[in-house]
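Engineer: First the structure, which I've put down as structure tokens, then a few questions once you've had a look.
Protein chains in written order, with my numbering: chain X, 3 to 390; chain Y, 34 to 172.
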């Protein structure tokens, strides 16, 4: 089966438009408010409303735009390539709509360099003023740890999750790292060690937090038919799903449930697999609480049960759900945007290339990325030849 | 005490910040939903409606979630460590970030009732912060 871009022909159309300009060369509105006005006008032009929109594209910040508009998109794209960004957005939106990743996508642009001259105090030239500066920074939330600590405190308050249970995630992950010769930390770790490490943002200890390391990675994608003729066994993309539901932690709809509850089921459904079919989970471990929330939201255990699910060490070597086998962001590496490493390790495990830490019989692997502050979730289900 | 970071004023939120000069906590409201919109916007993120107005909040709420910062989030907060950053559920239905002050950090709990207090900003505005209220009041 080969893929022909011509198959996209006629699969999507532009149905609403809006623009704003003034003979004076200046507009009164600017920033997010101007973007919002354009979105509303284009939707009205189409006879659609905000509630119809499930795809958001923006040159740089689809997450903040969606938060402002109250949209929880299942297709998101912040591609920013200068003046042609919006033509690229159309290309991406057409492909997304044709593939069923979303039904109504909107892209929007607003920039006001003339008017900005009259607003010198308002900050930079783009999206001023920053909502986070206005509504969060004055209170001194340490970022990003403080945001995740808020989520952890809520989970503890509602479900009785304990610091020991969170610590076990770091312990299981360290056991994998011990088998990765390139891991930053390989020494054995105990729950007591984690609890004895200093608080950064209570209830999170230092050892509940990911590393800060240098790191890099890359992933190459091609058509399935070409993939079979190349040097290594293909890791087929069986399913993908994405969703974000806020940009700032103070806007997260439910601190105990992430948008992985949307992206995960979408990816699993597309792949035709269930959580019980997953041989390897690579779950973004910026913090221990991140993994716990993802286990629940991806359906590996019921909501609120994450603490009890992990406490027997089932995420570690020999456990029922091998998770973060490279040693994760907690013990292997975390340069800032860790998602590439999830995919790399999943592929190595599918190929049987993971050395001492190789898990037997990995045929279905899930790589789940988390961006922002538990904001932007994306689930990728990969499979070997047997799962295809 | 070092002055805090001064929050910028977005056009949508000017009434909120102006009211803090009189130590009034104002919330933007969507008339269609009959619910508050926070942070303020040009439209309601629930319904997309633009029929918005402003109402004074009672200043009472509960701690939705909190963290005790043992490292300052920015240099202006260094002298305050350890301090509490919390998400406060106001009784009107809005959630906002703030600090819980006026009690030991170890006494703060999810669900704790709080009431608004104010901390002056250098430009004459004030920052809403929260103190223990009701059965949790009085240290």
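We put the CB at the ideal spot given by N, CA and C, even for glycine. Since we're looking at a predicted model, the values are computed, not measured.
#1: Within 7 Å: the Cβ of residue 233(X) and any heavy atom of the ligand FAD?
#2: Throw me the rounded Cβ distance for the residue 118(Y) and residue 132(Y) pair, which I believe falls under 8 Å.
#3: Curious, which full-length beta strand (DSSP E) runs of at least 3 residues does the region 212-291 of chain X contain?
#4: So residue 295(X) and residue 153(X) are in contact, right, with Cβ under 8 Å, and what is the actual spacing, rounded?
#5: Does DSSP classify residue 145(X) as helix, strand or coil?
#6: Any Cβ of chain Y within less than 8 Å of the Cβ of residue 18(X)?
#7: Got a sec: is the Cβ-Cβ distance from residue 133(Y) to anything in chain X below 8 Å?
#8: Taking one C-beta from the region 95-111 of chain Y and one from the region 88-108 of chain X each time, how about it: are there three or more such pairs within less than 8 Å?
#9: Pop quiz: residue 18(X) and residue 63(X) are said to be a contact at Cβ under 8 Å. What is the actual Cβ separation, rounded to whole angstroms?
#10: Which chain X residues sit within Cβ distance under 7 Å of residue 34(Y)?
#11: Can you list, in chain order, the residues of the region 65-77 of chain Y whose Cβ is nearer than 7 Å to any Cβ on chain X?
#12: Does the Cβ of residue 290(X) have 16 or more other Cβ atoms within 10 Å, making it buried, or fewer, making it exposed?
#13: Could you check where the alpha helix (DSSP H) with residue 48(Y) kicks off and where it finishes?
#14: Note down, in chain order, each residue of its chain lying with its Cβ closer than 6 Å to the Cβ of residue 368(X), except the 5 sequence neighbours on either side.
#15: Indicate whether at least one CB of chain X lies closer than 8 Å to the CB of residue 172(Y).
#16: So, with DSSP's three-state summary, where would you put residue 131(X)?
#17: Is residue 26(X) buried or exposed, if buried means 16 or more other CB atoms sit within 10 Å of its CB?
#18: Which value, in whole angstroms, describes the spacing of the CA atoms of residue 377(X) and residue 245(X)?
#19: DSSP three-state label for residue 177(X), please.
#20: Among the candidates 375(X), 234(X) and 316(X), whose CA atom is the shortest distance from the CA of residue 261(X)?
#21: How big is the Cα-Cα spacing for residue 85(X) and residue 81(Y)?
#22: Leaving out five residues before and five after residue 148(X) in sequence, what residues of the same chain have Cβ atoms less than 6 Å from its Cβ?
#23: Quick one: any contact between the region 169-188 of chain X and the region 334-351 of chain X, if contact means 3 or more CB pairs under 8 Å?
#24: Assuming residue 157(X) and residue 258(X) form a contact by the criterion Cβ under 8 Å, report the distance between their Cβ atoms to the nearest whole angstrom.
#25: Roughly how many angstroms lie between the CA atoms of residue 136(Y) and residue 164(Y), to the nearest whole one?
#26: Is residue 57(Y) helix, strand or coil by DSSP?
#27: Considering only the beta carbon of each residue, do residue 129(Y) and residue 96(Y) sit closer than 8 Å?
#28: Hey, how far is the Cα of residue 285(X) from the Cα of residue 51(Y)?
#29: Could you run through the region 88-112 of chain Y and flag, in chain order, every residue whose CB is less than 8 Å away from some CB of chain X?
#30: With distances taken Cα to Cα, identify the nearest neighbour of residue 301(X) among 179(X), 22(X) and 264(X).
#31: Can you list, in chain order, the residues of the region 178-202 of chain X whose Cβ is nearer than 9 Å to any Cβ on chain Y?
#32: In the structure shown, what three-state DSSP assignment does residue 126(Y) receive?
#33: Measure the Cβ-Cβ separation of residue 110(X) and residue 30(X) and say whether it is below 8 Å.
#34: Give the range of the alpha helix (DSSP H) segment to which residue 106(X) is assigned.
#35: Flag residue 118(Y) as yes if its beta-carbon sits less than 8 Å from any beta-carbon of chain X, otherwise no.
#36: Nearest to residue 210(X) by CA position, among 159(X), 69(X) and 150(X), is which residue?
Structural biologist: Taking the definition as stated:
#1: For the ligand FAD, the structure offers nothing, since it holds no ligand at all.
#2: Reading the second chain from its first residue, position 85 is the one you call residue 118(Y). Reading the second chain from its first residue, position 99 is the one you call residue 132(Y). 6 Å between Cβ atoms; contact.
#3: 238-246 and 282-285
#4: Walking along the first chain from the start, residue 295(X) turns up at place 293. Walking along the first chain from the start, residue 153(X) turns up at place 151. Correct: roughly 7 Å between the Cβ atoms.
#5: As a first step, residue 145(X) is located in the first chain; it is residue number 143 there, counting from the start. Three-state DSSP puts residue 145(X) in coil, outside helix and strand.
#6: On the first chain, residue 18(X) is found 16 positions in, with the first residue counted as 1. So, not an interface residue.
#7: Counted from its first residue, the second chain places residue 133(Y) at position 100. Not an interface residue.
#8: no
#9: Walking along the first chain from the start, residue 18(X) turns up at place 16. Walking along the first chain from the start, residue 63(X) turns up at place 61. Residue 18(X) to residue 63(X), Cβ: 21 Å. No contact.
#10: Here residue 34(Y) refers to the residue found at position 1 when the second chain is read from its first residue. The contacting residues do not exist; residue 34(Y) stays about 12 Å from chain X at best.
#11: 72, 74, 75 and 76
#12: As a working note, residue 290(X) is residue 288 in the first chain. Classification for residue 290(X): buried.
#13: If you number the second chain from 1, residue 48(Y) lands on position 15. Counting along the chain, the alpha helix (DSSP H) containing residue 48(Y) begins and ends at 47-52.
#14: Numbered from 1 along the first chain, position 366 holds the residue referred to as residue 368(X). Only 280, 283 and 383 meet the Cβ criterion.
#15: Against the second chain, residue 172(Y) aligns to sequence position 139. Confidence in residue 172(Y) is poor, its pLDDT being 40 and thus under 50, which makes the residue's placement unreliable; the coordinate value appears in the next sentence. So no, residue 172(Y) is outside the interface.
#16: Numbered from 1 along the first chain, position 129 holds the residue referred to as residue 131(X). Here the model assigns residue 131(X) a pLDDT of 48, short of 50, so the residue's position is not dependable and the matter cannot be decided.
#17: For the purposes of this step, residue 26(X) is identified with residue 24 of the first chain, where counting begins at 1. With fewer than 16 other Cβ atoms within 10 Å, it is exposed.
#18: Counting from one through the first chain, the residue named residue 377(X) turns up at place 375. Counting from one through the first chain, the residue named residue 245(X) turns up at place 243. Each residue's Cα considered, the two are about 8 Å apart.
#19: Along the first chain, read from residue 1 onward, the residue named residue 177(X) stands at position 175. Residue 177(X) falls in the helix class under three-state DSSP.
#20: Here residue 261(X) is taken as the residue at index 259 of the first chain, counted from 1. Nearest of 375(X), 234(X) and 316(X) to residue 261(X), Cα basis: 375(X).
#21: The sequence position of residue 85(X) within the first chain is 83, counting from 1. The sequence position of residue 81(Y) within the second chain is 48, counting from 1. Cα to Cα, the separation comes out at about 29 Å.
#22: For the purposes of this step, residue 148(X) is taken as residue 146 along the first chain, with counting starting at 1. Answer for residue 148(X): 203, listed in chain order.
#23: yes
#24: If you number the first chain from 1, residue 157(X) lands on position 155. If you number the first chain from 1, residue 258(X) lands on position 256. Confirmed, Cβ separation roughly 5 Å.
#25: Counting from 1 along the second chain, the entry for residue 136(Y) is found at position 103. Counting from 1 along the second chain, the entry for residue 164(Y) is found at position 131. Cα to Cα, residue 136(Y) sits roughly 7 Å from residue 164(Y).
#26: Locating residue 57(Y) in the second chain gives position 24, counting from the first residue. DSSP places residue 57(Y) in coil when its eight states are reduced to three.
#27: Residue mapping note: residue 129(Y) aligns to position 96 of the second chain, counting from 1. Residue mapping note: residue 96(Y) aligns to position 63 of the second chain, counting from 1. Not in contact: residue 129(Y) and residue 96(Y) (Cβ atoms no closer than 8 Å).
#28: As a first step, residue 285(X) is located in the first chain; it is residue number 283 there, counting from the start. As a first step, residue 51(Y) is located in the second chain; it is residue number 18 there, counting from the start. In a straight line, the C-alpha of residue 285(X) is about 45 Å away from that of residue 51(Y).
#29: 97, 98, 99, 100, 101, 102, 103, 104, 105, 106, 107, 109 and 110
#30: Position 299 of the first chain, counted from the start, is the residue given in the question as residue 301(X). Taking only the C-alpha atoms, the option nearest residue 301(X) is 264(X).
#31: 200, 201 and 202
#32: Residue mapping note: residue 126(Y) aligns to position 93 of the second chain, counting from 1. Three-state DSSP puts residue 126(Y) in coil, outside helix and strand.
#33: Reading the first chain from its first residue, position 108 is the one you call residue 110(X). Reading the first chain from its first residue, position 28 is the one you call residue 30(X). Contact flag unset, no.
#34: Within the first chain, residue 106(X) is the residue found at index 104, counting from 1. Neither: residue 106(X) is in no alpha helix (DSSP H) and is coded neither H nor E.
#35: Start at 1 with the first residue of the second chain, and residue 118(Y) comes out as number 85. Yes, contact with chain X.
#36: Residue mapping note: residue 210(X) aligns to position 208 of the first chain, counting from 1. That would be 150(X), whose Cα lies nearest to the Cα of residue 210(X).
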